[in-house]
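*Asks:* Have a look at the structure that comes next, please.
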Amino acid sequence: MTVKNVLQAIREALDEELASDERVIVLGQDVGRRGGVFRTTEGLIDRYGPSRIIDAPLSESAIVGVAIGASLAGHRPIAEIQFADFIWPAMDQIVSEAARMRYRSHGTWSCPLVIRTPYGAGIHGGLYHSQSIEATFAHVPGLKVVAPATPADAKGLLKAAIRDPDPVLFLEHKRTYRLIKDEVPDEDYTLPLGKAAIVRPGRHLSIITYGMMLHESLKAAEAAAVDGIEAEVIDLRTLSPLDKTAILDSVRRTHKAIVVHEDSLTGGLGGEIAAIIASEAFDALDGPVVRVAAPDSPATPFNSTQEELYLPNAAKIEKAIRELAAY
Amino acid sequence: MTVKNVLQAIREALDEELASDERVIVLGQDVGRRGGVFRTTEGLIDRYGPSRIIDAPLSESAIVGVAIGASLAGHRPIAEIQFADFIWPAMDQIVSEAARMRYRSHGTWSCPLVIRTPYGAGIHGGLYHSQSIEATFAHVPGLKVVAPATPADAKGLLKAAIRDPDPVLFLEHKRTYRLIKDEVPDEDYTLPLGKAAIVRPGRHLSIITYGMMLHESLKAAEAAAVDGIEAEVIDLRTLSPLDKTAILDSVRRTHKAIVVHEDSLTGGLGGEIAAIIASEAFDALDGPVVRVAAPDSPATPFNSTQEELYLPNAAKIEKAIRELAAY
Amino acid sequence: MISTSSLSNVATIPGDFDPATLREIYRRMLLSRTLDLRAWTLSRQGRAHFVITSRGHEAAEVGSAFGLERGRDWICPYYRNLALAVGIGMTAREVMLSVFAREGDPSSNGRQLSMHFSHPDWRIISGSSVVSSQIPHAAGLALSAKLSGEPVVAVAYFGEGGSNKGDFHEGVNFAAVHRLPVIFFCENNGYAISVPQRLEMVIEDVASRGAAYGIPGVVVDGNDPLAVARAVREARARALAGDGPTLIEAKVYRFTPHSSDDDDRLYRPREEVEAAVARDPIPAFERRLRALGVLDESASRAIQSEIAAEVDDAVEFADSLPHPEPADLLRHVFAENGSQMVGGAR
Amino acid sequence: MISTSSLSNVATIPGDFDPATLREIYRRMLLSRTLDLRAWTLSRQGRAHFVITSRGHEAAEVGSAFGLERGRDWICPYYRNLALAVGIGMTAREVMLSVFAREGDPSSNGRQLSMHFSHPDWRIISGSSVVSSQIPHAAGLALSAKLSGEPVVAVAYFGEGGSNKGDFHEGVNFAAVHRLPVIFFCENNGYAISVPQRLEMVIEDVASRGAAYGIPGVVVDGNDPLAVARAVREARARALAGDGPTLIEAKVYRFTPHSSDDDDRLYRPREEVEAAVARDPIPAFERRLRALGVLDESASRAIQSEIAAEVDDAVEFADSLPHPEPADLLRHVFAENGSQMVGGAR
Ligand SMILES: Cc1ncc(C[n+]2csc(CCOP(=O)(O)OP(=O)(O)O)c2C)c(N)n1
Ligand SMILES: Cc1ncc(C[n+]2csc(CCOP(=O)(O)OP(=O)(O)O)c2C)c(N)n1
Ligand SMILES: [Mg+2]
Ligand SMILES: [Mg+2]
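Protein chains in written order, with the numbering used here: chain X, 90 to 416; chain S, 90 to 416; chain P, 11 to 356; chain F, 11 to 356.
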């Protein structure tokens, strides 16, 4: 075990998979000499050369489309979209092509590729360097969506995503990159896609969350624990397919649920999770299913006042915990 | 009042708005001589000429992007995407541009435009002429999403959408085009965006639905009524912003809710609706919030067996009604 | 931009095609045409839900197939490519399985609209109905070939309409930058459904767009299968020599409405259609082969009756097969445990 | 493709620019540069979160503004357009309000990253950070102008990187087909962040892409504001005459890293940067005006100190204003009741 931040963990995962499997290639804007705008691909071009670490023209649709083609012929491309906000031009390639190739060819063809992209707010990125995009993609059958919150998870899940036989959208919360440091196993390991983790056990209510909001939720849970309210905190880690078992088991034990995400409320992933609980654990519920999320405005403004106001945080989550506990 | 089908109602709405407001223009593939692949723009080019009824090159992103530009300068463009399945190449223009223009310019600029597109399955369209796309767009702040189910609603809502100061995605269920016929007022009228309608009152449970599934739900409700189960059927009509008041009022009266949509289950709009109910009407609930939707596979296959299996229908809804009523 | 002239009037056997190959090209064009006509009839009879044709495009499509290493080169087709599928090697039965959407259809097992072909043995990649999304795929397949050193090319097929889409621009440019072994094959029939070329683009030749990417653009007579085969062969040689992509534009005409759902009388003058049909590449090629002595009356009749039987058999065979299993609906959304992938499983 | 030669060495006052205009072009270039440097310093001091510069692009951007009818022609800028905003007419205070993201910032009221300009009076349309999405908007604005008969053009600004995106292809093609009064203005600085031009495209000149759409492409020396202004003026005249769009490519160099978050030492040799800076268009233009007798030592000094004061004032002013109100966060997602729209409210 060595303490690393999320950035380092991701870089290591890329490096190890490139080293062990020559089918793995990386393509995206500025992934070469520049080492990526967040330095996640730093040094890779020196080690693997420009034929495997490919600086792409400013063409998101081609980046994903070319990755699809390469994956069809047996490569294992890792496409990088520089910011999640710029993934929309590649929407068609992701939704219509990567996610449906296996289904539409009845299993003849498949797209074992990973699309990595930094998402989320809290670093003064303004409207177009802050977006959360997970709800949109978690609604796409045939695509897996992964969103780790810690260095060890980031590494283990990224390696699993690269080895996965299906297309995976790998969401890296950019605020966690340098902020979140923790022990990372030194040996080669993967973590299974589709499995949530109980990060903090508790008996009074369940908080279901992921990404940066895991850390805010944990803080909130600690604060509420001072008054004897024990919140269980679940990190979903994979957003599609959802680990329904983990969600429902927890709520059946605690009888109350709060879903927390940074994305805007309406149509966010929290709706799906709340719906699952309301339909499949209804009999166990002792209170409304609560959602803590950003308001329904288009991403966070650049100025600091409003960025703070926009984002969910430990204080807002704590308030929700206390209210639900008192219900 | 005259009996018309949805196609005729839409064509009339276009015609009337083109006639009364010279800022209105139509652009899209095959909207000219061809009159649209479903004939919704039939005859318009003869009446308004090729400068207002514009056949566009095969470029969805430009169709929406050009509409945005024209709307900024004061026109009222109606962009047609030939099939909803082909809207993804325009995703960026819709999400990043049209929906955010007003917000990001703090009200200086705005995009009063309509994007019309036929969606939905049931006409043997296979994987790429059948998709439901509403959940994705209902999660986009700054964009309104409308999905009428009847001729009169289609006309009144389309006219309102054209006159609306904000971008509206107008979803036309292609199976309703010729199938659904009903009385349409002869005079000029609009219907307010954001207002649901109680199409069938009932006291035992609420069915919340829209589009083609309204008609299947009504059939199911009639079938269940034979045994004295009275389902209230609500047609949302506008999917964003949602008419929360109508949803919650109904569920507070009936104490039980079924959400029905043709789109695939996970991450569908039903999740949001169920979540609203589970959080804001929890105390009124006498049973789980039930969802009836397509399975999590990528749209409906072409062959008839599987298309039928894939789609929700009256029988499946009736089953859900009976089960929930018995809960 | 290079313009390859039609060779239709040359009266000696072209040195680069032996008589058997010439007859085979003809046979496949005719097989495609016959399947096409039958599929159209089936749709008019209500036995097929939806069909889309390649009538008028046969010389371009079959010709292109004969410029490739069939089964080794990667094919990214579009919905207009019935003749291409037949040209590459798909059988009448396989085509009819797609038309009837029956269990065992190798393209999609009845999931896709007809004429959306896919075949593992022929390296025909499944395409969606979304215009031009296959173009970057071909670039990616070519990237893969280049990286692994396999001496094959990838070919993307699309219409002139598709050349106006972002994915054309991005995909071709990417391939050009990396000098990938890929051929972009544009079938210019002058219309995107009803939209005539003058409302699609200002330029005359899609091939002239090659210059925007620094790659050669070649115009070829799409009614001449041999000219097309040669243009493709040359582009292939260039690609394998490391000289990167070529944009080939075959000038063709679509004889039918866009699909069984279309009515082209709304937008195409009948005289225009009739004039194109008068230049039908199939009888023209037959006449040419007769003039060359490669085909005679009896051989021609033999081919025709063989094809008629083949198509009859294919219809009967496909229609005898069951619809896909209901339970099959949810298969292959994701990899199944222990399933062998073609992609990603080298 | 036309290549407009640099006029840098001509020693008589160009007939088409009067001395006051020449001085004003110079003043705006210098004002932009001074604001740019100050914004960079503010970001290094932590007083601004993020800045992006137009240093090195000033001659191209201010020059282009002086080829337009400022305030009447529609401007669709990108993030590299500080000098353009100043060239069109935005004030130092308005720029600094964007940098500080304060209440009253006309571009976005502090919602967008700095240098994402918008201004109703100047018809500067708000742009996102998404590369090239503004290109189809300019086509749409031009369509609107054409339909309503207003004799104005729309201009889209973007980098050579942006010319590889689908929206460039689709937007330019649409405008070409409809002969819309629009100018596509490409600022080619040889890099998309770190990606050098040879990895972005095979061709030398983005302007040569005009041919793919049947429109003229013009290369112009982006260090020469007058050559740029003339090229824009000509394109404007062509557009208003009904002859459709022009693609102009100004060759420039970005003096700074991509943004305050970038470190260009990772990818650009220092000698290359230094060589470009040695050709800095601002002192070059000053020398030229001096040689022409349009500017003398004292006038030059007066401009400099006026600008210094203007920028000091702008910083002080902007920094004295409050951050946007918390309650403002949810405004303008949709139209507010009774609000007057600029768009859609003619
Ligand atoms: C992205 C997209 N937009 C629209 C359509 C609907 N559509 C199907 S074919 C077609 C015209 C295509 O024309 P072209 O590329 O010239 O090919 P052709 O059919 O003429 O061979 C259109 C508009 C589609 N399939 N995909
Ligand atoms: C669609 C999209 N992809 C990626 C980015 C990230 N990004 C911002 S600027 C830039 C490079 C742009 O280069 P160019 O168009 O040449 O303009 P320049 O900055 O050189 O003036 C990139 C990749 C973006 N803003 N939008
Ligand atoms: Mg065509
Ligand atoms: Mg650049």
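The beta carbon of each residue, even a glycine, is placed where N, CA and C say it ideally should be.
What residue range is occupied by the uninterrupted beta strand (DSSP E) comprising X/Lys93?
*Replies:* Position 4 of the first sequence holds residue 93 of chain X. Counting along the chain, the beta strand (DSSP E) containing X/Lys93 begins and ends at Thr91 to Asn94.
*Asks:* Give, in chain order, every residue of the region 194-216 of chain P whose Cβ lies closer than 8 Å to some Cβ of chain S.
*Replies:* Per Cβ criterion, the list reads Ala202, Ile203, Ser204, Val205, Leu209, Glu210 and Met211.
*Asks:* What is the DSSP secondary structure of P/Gly227, counted as helix, strand or coil?
*Replies:* Start at 1 with the first residue of the third sequence, and residue 227 of chain P comes out as number 217. Residue state, collapsed to three classes: strand.
*Asks:* Would you list the one or two residues that DSSP bridges to S/Leu303?
*Replies:* Taking the first residue of the second sequence as position 1, residue 303 of chain S is located at position 214. Looking at the DSSP assignment, S/Leu303 forms no beta bridge with any residue, so it has no partner.
*Asks:* Along the chain, where does the beta strand (DSSP E) containing S/Asp277 start, and where does it finish?
*Replies:* Within the second sequence, the letter at position 188 stands for residue 277 of chain S. Counting along the chain, S/Asp277 falls outside any beta strand (DSSP E), and DSSP gives it neither H nor E.
*Asks:* Ligand 1 and S/Gln220: does the residue's C-beta get closer than 7 Å to at least one heavy atom of that ligand?
*Replies:* The residue you call residue 220 of chain S lines up with position 131 of the second sequence. Flag unset: Cβ of S/Gln220 not near ligand 1.
*Asks:* By the DSSP assignment, the beta strand (DSSP E) with X/Arg112 in it spans what residues?
*Replies:* The residue labelled residue 112 of chain X in the question sits at position 23 within the first sequence. Counting along the chain, X/Arg112 falls outside any beta strand (DSSP E), and DSSP gives it neither H nor E.
*Asks:* With a Cβ-Cβ cutoff of 8 Å, do S/Ile170 and S/Thr197 count as a contact?
*Replies:* Position 81 of the second sequence, counting from 1, holds the residue named residue 170 of chain S. Position 108 of the second sequence, counting from 1, holds the residue named residue 197 of chain S. No. Outside cutoff.
*Asks:* Which residues does DSSP pair with F/Asn198 in a beta bridge?
*Replies:* As a first step, residue 198 of chain F is located in the fourth sequence; it is residue number 188 there, counting from the start. Paired residues: F/Lys261.
*Asks:* Residue range of the alpha helix (DSSP H) that P/Pro116 falls in?
*Replies:* Looking up residue 116 of chain P in the third sequence gives position 106. Premise fails: P/Pro116 is in no alpha helix (DSSP H) and is neither H nor E.
*Asks:* Run through the region 134-195 of chain P for me and flag every whole alpha helix (DSSP H) of 4 or more residues, listed as ranges in chain order.
*Replies:* Here the runs fully enclosed are 144-158 and 176-187.
*Asks:* Taking beta-carbon pairs under 9 Å, can you tell me which members of the region 169-184 of chain X lie near chain F?
*Replies:* Against chain F - using a Cβ distance shorter than 9 Å - the residues of the region 169-184 of chain X are Gln171, Phe172, Asp174, Phe175, Trp177 and Pro178.
*Asks:* Should P/Asn119 be flagged as near chain X, meaning a C-beta pair shorter than 8 Å?
*Replies:* Counted from its first residue, the third sequence places residue 119 of chain P at position 109. P/Asn119 counts as touching chain X.
*Asks:* Buried or exposed: where does P/Tyr36 fall if 16 or more other Cβ atoms within 10 Å of its Cβ makes it buried?
*Replies:* Residue mapping note: residue 36 of chain P aligns to position 26 of the third sequence, counting from 1. Under this definition P/Tyr36 is a buried residue.
*Asks:* Quick one: residues in its chain with C-beta nearer than 7 Å to the C-beta of X/Leu413, no 5 flanking neighbours on either side, listed in chain order?
*Replies:* Counted from its first residue, the first sequence places residue 413 of chain X at position 324. For X/Leu413, where only same-chain residues beyond five positions count, the Cβ hits under 7 Å are Leu294, Lys345, Ile347, Gly376 and Val379.
*Asks:* Looking at F/Tyr263 and ligand 5, is the gap between the Cβ and the nearest heavy atom below 7 Å?
*Replies:* In the structure on display, ligand 5 does not appear, and the ligands it does have are ligand 1, ligand 2, ligand 3 and ligand 4.
*Asks:* Mind listing, in chain order, the residues whose beta carbon lies closer than 6 Å to a non-hydrogen atom of ligand 3?
*Replies:* Spelled out in chain order, the answer is P/Gly169, P/Glu170, P/Gly171, P/Asn199, P/Tyr201 and P/Ala202.
*Asks:* Just to confirm the assignment, what range does the alpha helix (DSSP H) spanning F/Tyr88 have?
*Replies:* Numbered from 1 along the fourth sequence, position 78 holds the residue referred to as residue 88 of chain F. That residue, F/Tyr88, is in no alpha helix (DSSP H); it is neither H nor E in DSSP.
*Asks:* Pair every Cβ in the region 267-281 of chain P with every Cβ in the region 291-298 of chain P, then say whether three or more of these pairs are closer than 8 Å.
*Replies:* Judged by Cβ distances under 8 Å, the region 267-281 of chain P makes no contact with the region 291-298 of chain P, as fewer than three pairs qualify.
*Asks:* Using a C-beta to C-beta distance shorter than 7 Å, which residues of chain X count as neighbours of F/Ala111?
*Replies:* What you label residue 111 of chain F is simply residue 101 of the fourth sequence in a count that begins at 1. By Cβ distance, chain X contributes Phe391 and Asn392.
*Asks:* With H, G and I counted as helix, E and B as strand and the rest as coil, what does DSSP make of F/Ala355?
*Replies:* For the purposes of this step, residue 355 of chain F is taken as residue 345 along the fourth sequence, with counting starting at 1. The pLDDT assigned to F/Ala355 is 31, lower than 50, so where the model puts this residue is not dependable; a value taken from the coordinates is nonetheless given after this. In this structure, F/Ala355 counts as coil in the three-state DSSP scheme.
*Asks:* Please check the pair F/Ala93 and F/Glu71, which I expect to be a contact at CB under 8 Å, by giving their CB distance rounded to whole angstroms.
*Replies:* Translated into positions along the fourth sequence, residue 93 of chain F becomes position 83. Translated into positions along the fourth sequence, residue 71 of chain F becomes position 61. 4 Å between Cβ atoms; contact.
*Asks:* Determine the extent of the alpha helix (DSSP H) in which S/Ser368 is found, giving its start and end residues.
*Replies:* Here residue 368 of chain S corresponds to residue number 279 of the second sequence, with the count starting at 1. Element bounds for S/Ser368: Leu358 to Glu369.
*Asks:* What residues from chain F crowd round X/Tyr266, counting only those whose CB sits closer than 7 Å?
*Replies:* Sequence index remark: in the first sequence, residue 266 of chain X carries index 177 (1-based). Ordered by position in chain F, no residue passes the 7 Å Cβ test against X/Tyr266, which lies about 13 Å from the chain.
*Asks:* So, does the region 182-202 of chain S touch the region 39-46 of chain P, judging by three or more C-beta pairs under 8 Å?
*Replies:* The region 182-202 of chain S is not in contact with the region 39-46 of chain P.
*Asks:* If contact means a Cβ-Cβ distance below 7 Å, which residues of the region 134-165 of chain F contact chain X?
*Replies:* The region 134-165 of chain F vs chain X, Cβ under 7 Å: Ser138, Ser139, Val140 and Val141.
*Asks:* State the DSSP-derived secondary structure class of S/Ala286, mapped to helix, strand or coil.
*Replies:* Taking the second sequence and counting its residues from 1, the one referred to as residue 286 of chain S is at position 197. If DSSP states are grouped into helix, strand and coil, S/Ala286 belongs with the strands.
*Asks:* Please state whether DSSP places F/Glu326 in a helix, a strand or coil.
*Replies:* Residue 326 of chain F sits at position 316 when you count from the first residue of the fourth sequence. F/Glu326 falls in the helix class under three-state DSSP.
*Asks:* Along the region 71-99 of chain F, what residues have a CB closer than 9 Å to any CB found in chain S?
*Replies:* So the close ones are Trp84 and Cys86.
*Asks:* Quick one: what's S/Lys405 bridged to in DSSP?
*Replies:* Along the second sequence, one-based indexing puts residue 405 of chain S at 316. Answer is none; S/Lys405 lacks a bridge partner.
*Asks:* Could you say which of P/Val140, P/Ser158 and P/Val205 lies nearest to P/Tyr10 if we only look at CA atoms?
*Replies:* Only positions 11 to 356 of chain P appear in the structure, and residue 10 of chain P is not among them; the question remains open.
*Asks:* For a quick check, are the C-beta atoms of X/Ala224 and P/Leu151 less than 8 Å apart?
*Replies:* Here residue 224 of chain X refers to the residue found at position 135 of the first sequence. Here residue 151 of chain P refers to the residue found at position 141 of the third sequence. No, Cβ-Cβ distance for X/Ala224 and P/Leu151 is not below 8 Å.
*Asks:* Distance cutoff 8 Å, beta carbons only. Does P/Val352 sit that close to anything in chain X?
*Replies:* Position 342 of the third sequence holds residue 352 of chain P. Here P/Val352 scores only 38 on pLDDT, less than 50, and its place in the model should not be relied on; the value that follows carries that caveat. Yes - at least one Cβ of chain X is within 8 Å of the one on P/Val352.
*Asks:* Counting only beta-carbon separations shorter than 8 Å, does X/Val113 have a partner in chain S?
*Replies:* Residue 113 of chain X sits at position 24 when you count from the first residue of the first sequence. Taking Cβ atoms only, chain S never reaches closer than 8 Å to X/Val113, which makes this a no.
*Asks:* Sorry if obvious, but does the Cβ on X/Gln418 come closer than 7 Å to a heavy atom of ligand 2?
*Replies:* This structure leaves residue 418 of chain X out entirely; chain X is present only between 90 and 416.
*Asks:* In chain order, what residues of the same chain have a beta carbon less than 7 Å from the beta carbon of P/Arg243, not counting five sequence neighbours either side?
*Replies:* For this step, residue 243 of chain P is matched to residue 233 along the third sequence. Within the same chain, P/Arg243 has close Cβ partners Gly77.
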